[in-house]
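Chemist: Heads up: the sequence shown begins at 12 in my numbering, then just goes up one per residue.
Before I ask anything, let me first share the structure, which is written out below as structure tokens.
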Amino acid sequence: SFLFTVGIAYNQPKFCANATWNPVAITFANSTIVGALPYGVFVDTNNTVYVADRLNNRVQIWLNNSATPTSTISGGLNTSYSLFVTDNRDIYVDNGYANNRVDKWAFNSNSSVPTMYICGPCLGLFIDINNMLYCSLFNANKVIAKSLNTHLNIWNTVAGTGTVGSTPSTLNAPCGIFVDNNLNLYVADNSNSRIQKFASGQINGTTVPTGTI
12 SFLFTVGIAY
22 NQPKFCANAT
32 WNPVAITFAN
42 STIVGALPYG
52 VFVDTNNTVY
62 VADRLNNRVQ
72 IWLNNSATPT
82 STISGGLNTS
92 YSLFVTDNRD
102 IYVDNGYANN
112 RVDKWAFNSN
122 SSVPTMYICG
132 PCLGLFIDIN
142 NMLYCSLFNA
152 NKVIAKSLNT
162 HLNIWNTVAG
172 TGTVGSTPST
182 LNAPCGIFVD
192 NNLNLYVADN
202 SNSRIQKFAS
212 GQINGTTVPT
222 GTI
């Protein structure tokens, strides 16, 4: 047997310890372009920007330094909340609100294929270095994961119990998720106003000290 691993697809800028940001923002895209309710944003290592335009049921894509979208993917999407792009530029898009699945758009493809069937929208998507696809099920109060190395629709719960709670093992409306190279899972536990860290294989999370959220 062998372990299949994938490269890091997301941008990892390096900031100095005392980095500051300009308090005056520059509008990158207005509601005419991305709709009134954009949610998911992804920036890859080439500084290509992907936005889930959920109001218009599409994904808008900007290449580095582009002022307007350079491409759009749509067709079969309905109220997509999140997306993740792999290092080979395949795009995984939440399509759970009405269609109960996550779709994969292969690079340069004109159509998608279902890659995971779920029970509601994924407010966060992530693919780790072992090619595991994670989905944070906001309405189900848990995070699930499925290996992309199999075509079987078999997923496991990796955080949360499915019951609303604020204990180390429970979540309340989870949103954004991140998995580091040590396979630690970080969950934005939205309605509990905390970030929970779940070590690989552990059902109890620890709260990351962040100050007031």
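Cβ coordinates follow ideal geometry from the N, Cα and C atoms, glycine included.
Suppose the cutoff is 8 Å on Cβ atoms and the five residues either side in sequence are ignored; what does the same chain contact list for Thr31 look like?
Modeler: Cβ within range, chain order: n/a, list empty.
Chemist: Report yes if the CB atom of Ile129 is closer than 8 Å to the CB atom of Gly107, and no otherwise.
Modeler: Yes, these two residues count as a Cβ contact at 8 Å.
Chemist: Considering only the beta carbon of each residue, do Asp55 and Asn22 sit closer than 8 Å?
Modeler: Yes, the pair counts as a contact, with Cβ atoms nearer than the cut-off.
Chemist: Tell me whether Thr43 sits in a helix, a strand or coil according to DSSP, three-state version.
Modeler: Of the three classes helix, strand and coil, the one that applies to Thr43 here is helix, per DSSP.
Chemist: Where Thr97 and Ile19 are concerned, what is the direct C-alpha to C-alpha distance, given to the nearest angstrom?
Modeler: So the alpha carbons of these two residues sit roughly 8 Å apart.
Chemist: Classify Gly212 as buried or exposed, calling it buried when 16 or more other Cβ atoms lie within 10 Å of its own Cβ.
Modeler: Answer is exposed; the Cβ neighbour count stays below 16.
Chemist: What residues match up with Pro185 in a beta bridge as DSSP calls it?
Modeler: In the DSSP output, where bridge partners are listed per residue, Pro185 has Asp200.
Chemist: What three-state label does DSSP hand Arg100 in the structure shown?
Modeler: Looking at Arg100 - three-state DSSP - the assignment turns out to be coil, as it is neither helix nor strand.
Chemist: Just to confirm, is the Cβ distance from Gly173 to Lys157 under 8 Å?
Modeler: In this structure, Lys157 does not lie closer than 8 Å to Gly173 by Cβ.
Chemist: Once DSSP output is grouped into helix, strand and coil, what is the label at Leu66?
Modeler: In this structure, Leu66 counts as helix in the three-state DSSP scheme.
Chemist: I want to know whether the stretch 116 to 123 touches the stretch 132 to 150 - three or more CB-CB distances under 8 Å.
Modeler: No, because fewer than three Cβ pairs between the stretch 116 to 123 and the stretch 132 to 150 fall closer than 8 Å, the two stretches do not touch.
Chemist: For Val54, which residues does DSSP report across the bridge?
Modeler: Answer is Val60.
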